[in-house]
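Step one of this worksheet: look at the structure below.
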Amino acid sequence: MSSVYSQISFGKVASRYNKINAIPKTAAFQLGETLAGLVPAGSRVLDMGCGAGRVTLPAAAKGLHVVGVDISHPMLQEAHRLAAETPFDPVHANALALPLGNRPFTAVLSINILHLVPQWQAVIANAIRLMKPNAIFVQGRDWLDPASCAGRLRFKLREVVMGLAPGLRPTAAASPAVMAQFLDQLGGTTTEPIVATRWTTPISPAKVLDQMANREHNEPWMLSDAL
Numbered sequence: 001m002s003s004v005y006s007q008i009s010f011g012k013v014a015s016r017y018n019k020i021n022a023i024p025k026t027a028a029f030q031l032g033e034t035l036a037g038l039v040p041a042g043s044r045v046l047d048m049g050c051g052a053g054r055v056t057l058p059a060a061a062k063g064l065h066v067v068g069v070d071i072s073h074p075m076l077q078e079a080h081r082l083a084a085e086t087p088f089d090p091v092h093a094n095a096l097a098l099p100l101g102n103r104p105f106t107a108v109l110s111i112n113i114l115h116l117v118p119q120w121q122a123v124i125a126n127a128i129r130l131m132k133p134n135a136i137f138v139q140g141r142d143w144l145d146p147a148s149c150a151g152r153l154r155f156k157l158r159e160v161v162m163g164l165a166p167g168l169r170p171t172a173a174a175s176p177a178v179m180a181q182f183l184d185q186l187g188g189t190t191t192e193p194i195v196a197t198r199w200t201t202p203i204s205p206a207k208v209l210d211q212m213a214n215r216e217h218n219e220p221w222m223l224s225d226a227l
């Protein structure tokens with residue numbers, strides 16, 4: 001995997017990250033309820049790669065004690081700004097060297113992050129070190145309907161980019177099957193996927209293309225202007 005992919009800087013998009021990746025209010029409420037339903041009330045939860053708090057804040061709003069770790073200081077600052085009366089504990093750190101002592105967690109959240117980290121196996125091992133016995137590891141991801149206009153255009157974007165710059169391919173952790181196999185090897189028990197929430201956003205193909213061209217879309221952030 002190319003280091004180019006792993007060195008994506010989210011600093012420039014921190015203030016608008018959650019807007020670009022907006023979760024409607026009702027869906028965010030459902031997301032928080034789903035996460036809170038996985039563990040006892042008030043559980044201590046680690047959100048690795050919490051970013052601007054897109055998942056952290058809905059979980060904290062449901063009474064979970066969330067520790068949000070991210071390598072990007074601007075993203076953590078944005079999460080803290082958005083938190084308002086939904087407090088969480090922000091920690092500026094690399095997931096490969098979590099400075100969290102020996103206070104164990106009931107759950108660890110890994111949402112849309114491990115596909116960016118070349119040493120993703122080490123990140124998981126580090127997280128397991130901080131988990132209570134019988135704790136849960138939540139590997140979450142966004143799913144976009146591949147038959148939708150946005151899904152079809154994203155697939156085409158990836159196809160073109162891989163042809164021009166094969167080194168930008170994400171890590172193997174992007175595959176749920178690979179992740180499940182690795183966790184099983186570590187002694188975990190993999191459950192069936194859970195749909196935490198779902199929503200529909202009306203959008204035209206022209207709008208999707210505009211978002212890609214103007215960097216208001218996740219994947220073009222990693223591309224140079226020339227590419």
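Counting from 1, one number per residue, gives the positions in the sequence shown under the working numbering. All residues carry an ideal CB built from backbone N, CA and C; glycine is no exception.
beta-carbon residue i near the ligand PLP non-hydrogen atom, thresh 7 Å
i      : result
Leu109 : In the structure on display, the ligand PLP does not appear, and there are no ligands present to speak of.
Where residue i falls: helix, strand or coil (DSSP)
i      : result
Leu109 : strand
Gln211 : helix
Ile124 : helix
Phe10  : coil
Pro104 : coil
Phe137 : strand
Val117 : coil
Pro87  : coil
Asp184 : helix
Val66  : strand
Leu46  : strand
His92  : strand
Environment of residue i [buried if 16+ CB atoms lie within 10 Å]
i      : result
Glu159 : exposed
Trp199 : exposed
Ala213 : exposed
Gln7   : Annotation note: pLDDT 44 at Gln7 (below 50); position unreliable, no value reported.
Leu227 : exposed
Ser3   : Bear in mind that a pLDDT of 36 at Ser3, under 50, signals an unreliable position, so the model cannot answer this.
Pro58  : buried
Leu186 : exposed
Ile124 : buried
Met179 : buried
Whole-angstrom C-beta distance between residue j and residue i, which should lie under 8 Å
i      : j      : result
Glu47  : Leu130 : For clarity, residue 47 is Asp in the given sequence; the question names Glu instead. Their Cβ separation, rounded to whole angstroms, is 12 Å, which puts Asp47 and Leu130 out of contact at 8 Å.
Val45  : Thr106 : 6 Å
Leu98  : Asn126 : 6 Å
Ala61  : Gly32  : 5 Å
Ala77  : Ala196 : A small correction: the amino acid at residue 77 is Gln; Ala does not occupy that position in the sequence shown. That pair is no contact at about 26 Å.
Leu183 : Phe137 : 7 Å
Proximal residues to residue i (C-beta, below 6 Å), its chain only, five neighbours per side dropped
i      : result
Phe10  : Ser72, Met75
Asn18  : Ala52, Arg54
Gly140 : Ile111
Val117 : Val123
Ala93  : Val69, Pro99
Own chain partners of residue i with C-beta closer than 7 Å, once the 5 adjacent residues on each side are dropped
i      : result
Pro193 : none
Cys50  : Thr56, Gly68, Val69, Asp70, Ala79
Leu114 : Trp120, Val123, Thr171, Ala173
CB contact below 8 Å: residue i versus chain C
i     : result
Ala84 : No chain C is present in this structure, which holds just one protein chain.
Q) Are three or more beta carbon pairs between the segment 36-46 and the segment 73-82 nearer than 8 Å? A) no
Q) Would the segment 212-222 and the segment 155-170 be scored as touching if the rule is three or more Cβ pairs under 8 Å? A) yes
Q. Are the segment 19-26 and the segment 82-96 touching, with three or more C-beta to C-beta distances below 8 Å?
A. no
Q. Is there contact here, the segment 202-211 with the segment 160-174, by at least three beta-carbon pairs under 8 Å?
A. no
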